[in-house]
Amino acid sequence: DSGVTQTPKHLITATGQRVTLRCSPRSGDLSVYWYQQSLDQGLQFLIQYYNGEERAKGNILERFSAQQFPDLHSELNLSSLELGDSALYFCASSGREQFFGPGTRLTVL
Amino acid sequence: AQSVTQLDSQVPVFEEAPVELRCNYSSSVSVYLFWYVQYPNQGLQLLLKYLSGSTLVKGINGFEAEFNKSQTSFHLRKPSVHISDTAEYFCAVSRGLSGGSNYKLTFGKGTLLTVNP
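Protein chains in written order, with the numbering used here: chain A, 358 to 466; chain B, 345 to 461.
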């Protein structure tokens, strides 16, 4: 158990819909990183928040957004979903050494 | 920017045989290096890391890796594998000593290790 929690574990939705993925970092960790794992793109960094502020952006689509709340949990919002958004979404916390949550498997039908 | 190349997409081996999973990286700045393991339908678990110091690092489950700066490599080794080591292994790199708080990981495409009886 990494100490990072993610909900929900699975999400099935339709094209055009919007979903929210939630992540709680390890106790005391200020950073949250979001990653996407898909068959064609592999594991890709999406975005990082540090103590409530966006710190770095990777290959994140404009339809996707994230935020980190005062209690340090983070949410990744995915809108206008397309079939190609089907993937595993991971969050990770800590700094130099990242601990990953179990992931949310998103299926867009 | 950093990049990671895992030279083998699949490595089949027999139980109790030694294994080496190869990883090369590219970076214009100092780096931190990691190996993660992903079992089927699970998340990523940190196997080992190189941050600084000794270039030979030991991790969990009997794995070790050697950081070779001149060859920009960070190969993962295990002297004797078990059936339970069957999984996908990812090499990753982050910017080292960034002076800030951004340690985003760049991953290789993964190596599927299959251990056969």
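Just so you know, even glycine gets a beta-carbon here, dropped at the ideal spot from N, CA and C. Owing to the predicted nature of the structure, the values given are computational and were not obtained by experimental measurement.
Indicate whether residue i and residue j have their beta-carbon atoms separated by less than 8 Å.
| i | j | result |
| --- | --- | --- |
| Leu-387 of chain A | Leu-429 of chain A | yes |
| Gly-387 of chain B | Phe-447 of chain A | yes |
| Leu-438 of chain A | Thr-370 of chain A | yes |
| Asn-434 of chain A | Thr-377 of chain A | yes |
| Phe-434 of chain B | Gly-406 of chain B | no |
| Ser-424 of chain B | Pro-362 of chain B | yes |
| Phe-426 of chain A | Ser-359 of chain A | no |
| Thr-416 of chain B | Asn-368 of chain B | yes |
| Leu-463 of chain A | Thr-372 of chain A | no |
Looking only at its chain, what residues have a beta carbon closer than 8 Å to the beta carbon of residue i, apart from the 5 residues adjacent to it on each side?
| i | result |
| --- | --- |
| Pro-461 of chain B | Phe-358, Glu-359, Ile-427 |
| Tyr-394 of chain B | Tyr-376, Leu-377, Phe-378, Val-401, Ala-409, Phe-411, Phe-418 |
Below 6 Å CB to CB, which residues in the same chain sit around residue i once its five sequence neighbours on both sides are set aside?
| i | result |
| --- | --- |
| Leu-456 of chain B | Gln-354, Glu-432 |
| Ser-395 of chain A | Ala-444 |
| Ser-438 of chain B | Tyr-376, Tyr-447, Leu-449 |
| Glu-364 of chain B | His-419, Arg-421 |
| Arg-379 of chain A | Thr-364, Glu-432 |
| Leu-400 of chain A | Tyr-392, Gln-394 |
| Ser-370 of chain B | Ser-347 |
| Ser-422 of chain A | Asn-434 |
Reducing DSSP to helix, strand and coil, say where residue i ends up.
| i | result |
| --- | --- |
| Asn-408 of chain A | coil |
| Asn-405 of chain B | helix |
| Ser-422 of chain A | strand |
| Ser-388 of chain A | strand |
| Leu-440 of chain A | helix |
| Ser-395 of chain A | strand |
| Pro-384 of chain B | coil |
| Asn-368 of chain B | strand |
Across which residues does DSSP place residue i in a beta bridge pair?
| i | result |
| --- | --- |
| Ala-436 of chain B | B:Phe-378, B:Phe-451 |
| His-419 of chain B | B:Glu-410 |
| Glu-432 of chain A | A:Arg-379, A:Gln-424 |
| His-426 of chain B | None; His-426 of chain B has no bridge partner. |
| Ser-450 of chain A | A:Val-389, A:Phe-456 |
| Thr-458 of chain B | B:Pro-356 |
Grab me the residues of residue i's own chain with a C-beta within less than 7 Å of its C-beta, minus the 5 sequence neighbours each way, in chain order.
| i | result |
| --- | --- |
| Val-381 of chain B | Gln-389, Leu-391, Ala-431, Tyr-433 |
Practice problem: Would you be able to state if there are at least three C-beta pairs under 8 Å between the region 349 to 358 of chain B and the region 403 to 420 of chain A? | Solution: no
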